[in-house]
Amino acid sequence: MVGRPRDEAELVVRAQRSDENAYEELVRMHQEVAFRVAYIHTGSAADAEEAAHDGFVKAYRALRRFRRGRPFRPWLLAIVANEARNRRRSTVRRQALALRAAEQVRPGDAAPSPEAAVLARERRALLLEAIDRLSDEHRLVVACRYFLDLDVEETASALGIREGTVKSRLSRALERLREEVADD
Amino acid sequence: MTELERELRELRSVLEFPPTPDLAESARRDLPAGPRPLWPRRLGLAAAVALLALALGLAVPPARSAILRFFGIGSVRIELVERLPEVRPGAPLELGDEIDADDAPFTLLRSDLLGDPDHVYLRDGVVTLLYGSLQRVRLLVSQIYGGGSAQELGKKLLEGGSSVEFSEIGGLEEPGVWITGRPHVLVLPGGPPRLVGDTLLWTRDGITVRLEGARSREQAVEIAESME
């Protein structure tokens with residue numbers, strides 16, 4: 019039987035007592051989302067790696083300040099995102115989300131007809147272009163909520179804004195997207 | 005979920021992020037010896053001094069009002085005195101001129117938990133957010149810019165029966181101070197002394213905050229953590 023993931027709260031307590039193994043496990047649990055949050059801020063894999071790495075090291079140093087019983091991920095993401103924002107080159111507009119839509123069909127998908135596949139691809143391209151035209155702040159909030167699947171609290175941490183702002187910003191971003199990709 | 009939201013979610017599965025590097029290995033190599041202690045040494049010392057001051061304050065028999073010891077947090081000084089000054093009970097709150105929150109002289113800390121205050125006042129650099137009304141105060145949050153040891157911007161006078169406890173506030177390096185027990189006196193610049201109840205004091209981003217009116221220490225800390 020595959021062992022279930024260790025209880026995060028227990029790992030945090032152990033890491034707070036300087037247990038590096040426990041912290042390493044916490045890093046493994048969250049490294050993907052941390053790296054991706056850093057990536058949407060920097061638009062560069064190298065910068066994102068550096069930001070996430072430094073964020074994890076800083077988080078370890080600050081771990082005693084983490085309040086037990088609180089969700090760990092938003093706290094961590096706030097630190098990583100801060101590192102990422104510091105690396106962002108203000109002179110260069112980030113290349114959209116620097117993400118590419120993979121062309122392959124997801125495993126398990128029913129094979130679509132060629133026409134349907136083309137339509138779906140076109141629709142996706144349209145949507146991606148519309149996201150690309152959004153302002154930075156709108157694009158980031160869309161990326162956090164839909165591409166990284168962060169909840170509102172995590173999004174607020176990852177963007178350094180209030181939860182209320184996440185909701186209002188997201189609502190405006192969706193409104194804008196709706197106008198851009200309206201079928202009619 | 006709207007159709008557009010569903011489409012955005014679906015986009016997730018076809019978007020390619022760069023592969024995630026192994027950060028666990030690299031971070032572990034660079035970990036410092038251990039997480040930093042919760043309180044810096046300086047604060048540990050301050051806490052010890054404060055406790056000593058309290059012990060002394062309680063040990064001295066009542067006499068004419070005299071300052072025994074003091075310690076401060078941010079821009080607020082906490083003084084232990086043997087006798088509180090006379091304060092007119094039930095005196096109306098004098099918080100200064102009502103202003104728009106955007107006109108505050110510094111960027112205010114705000115709380116999603118509390119939402120927008122009902123009124124905002126400014127007096128001599130102290131901004132007070134009032135929840136409720138002057139007649140029925142639910143919560144008062146005063147913010148004073150200048151969290152260092154610089155200028156004294158307000159003080160609190162305590163006598164025996166009040167207790168001062170350090171209180172950890174999540175996300176902040178330095179603990180706050182919870183003053184509880186007997187009512188104490190608050191003196192802010194330009195205002196008359198005022199008798200106040202349980203209060204939490206803390207500093208964040210150079211701003212000293214005092215919160216009055218929370219139902220419990222836990223609630224006060226929760227509010228403090230929400231203010232950024």
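Residue numbers (the working numbering), protein chains in the order written: chain A, 19 to 202; chain B, 5 to 232. Where a beta carbon is used, it is the ideal one built from N, C-alpha and C, also for glycine. Just so you know, these numbers come straight off a predicted model, no measurement behind them.
Taken in chain order, the complete alpha helix (DSSP H) segments of 4 or more residues contained in the region 32 to 77 of chain A are 38 to 60.
Less than 8 Å separates the beta-carbon of Y125 (chain B) from that of E102 (chain B). If you draw a straight line from the Cα of E133 (chain A) to the Cα of R190 (chain A), it comes to about 33 Å.
Using a C-beta cut-off of 8 Å, the region 141 to 150 of chain A makes no contact with the region 45 to 56 of chain A, since fewer than three inter-stretch Cβ pairs fall below that distance. For the pair E14 (chain B) and H71 (chain A), the Cα-to-Cα distance works out to about 29 Å. Residue contact with chain B for V31 (chain A): absent (no Cβ-Cβ distance below 8 Å to any residue of chain B).
Each residue's CA atom was taken as its position, placing D169 (chain A) and R163 (chain A) some 6 Å apart. Distance from the CA atom of V181 (chain B) to the CA atom of R86 (chain A), rounded to whole angstroms, is 20 Å.
Taking a beta-carbon distance threshold of 8 Å, F74 (chain A) counts as an interface residue toward chain B. By the neighbour-count criterion, in which 16 or more other beta carbons inside 10 Å mark a residue as buried, G210 (chain B) falls on the exposed side. DSSP places D169 (chain A) in the coil class of the three-state scheme, outside both helix and strand. When Cβ-Cβ separations below 8 Å define contact, L205 (chain B) makes no contact with chain A. Close partners of F90 (chain A) in chain B (Cβ separation under 7 Å) are lacking, with about 12 Å as the shortest Cβ gap. When C-beta distances to chain B are compared with 8 Å, the residues of the region 46 to 76 of chain A below that value are R46, Q49, E50, A52, F53, R54, Y57, A63, A66, E67, A70, H71, F74, V75, in chain order. DSSP, read as helix, strand or coil, puts T6 (chain B) in coil.
Interface annotation, E140 (chain A): not in contact with chain B, CB-CB separation never under 8 Å.
For G180 (chain B), the beta-bridge partners assigned by DSSP are B:S171. Counting only the Cα atoms, H123 (chain B) lies some 15 Å from S115 (chain B). D154 (chain A) sits in a helix when the DSSP states are folded into three classes. The DSSP-derived three-state label of R105 (chain A) is helix.
At a cut-off of 8 Å between beta-carbon atoms, G174 (chain B) makes contact with chain A. Residues of the region 170 to 197 of chain A whose Cβ lies closer than 7 Å to any Cβ of chain B, in chain order: R180, E181, G182, L192, L195, R196.
Taking the CA atoms as reference points, I58 (chain A) sits about 24 Å from A138 (chain A). With a cutoff of 8 Å on beta-carbon distance, S146 (chain B) and V225 (chain B) are scored as not near each other. In this structure, the beta-carbon distance from L166 (chain A) to V160 (chain A) does not fall below 8 Å.
For E101 (chain A), no chain B residue has a Cβ inside 7 Å of its Cβ, as the nearest lies near 12 Å away. Under the Cβ distance rule, D167 (chain A) counts among the residues neighbouring chain B, one pair being separated by less than 8 Å. Pairing P36 (chain B) with A80 (chain A), the inter-Cα distance amounts to about 11 Å.
Between R83 (chain A) and chain B, the shortest Cβ-Cβ separation is below 8 Å. Judged by DSSP in its simplified three-state form, L117 (chain B) adopts coil rather than helix or strand. Taking a beta-carbon distance threshold of 8 Å, V160 (chain A) counts as an interface residue toward chain B. Close CB contacts of G174 (chain B) within its chain, under the 7 Å cut and outside five residues either way in sequence, are with E229 (chain order). Listed in chain order, the positions of the region 140 to 157 of chain A with a beta carbon within less than 9 Å of a beta carbon of chain B are R141, R142, L145, L146, I149. Cβ-Cβ distances below 6 Å link P92 (chain A) to E171, E172, S175 in the same chain, with the five nearest sequence neighbours on each side left out; the list follows chain order.
The continuous stretches of beta strand (DSSP E) do not include V225 (chain B), which lies in the alpha helix (DSSP H) extending over residues 221 to 230. Distance between L94 (chain A) and Q139 (chain B), taken at the CA atoms: about 42 Å.
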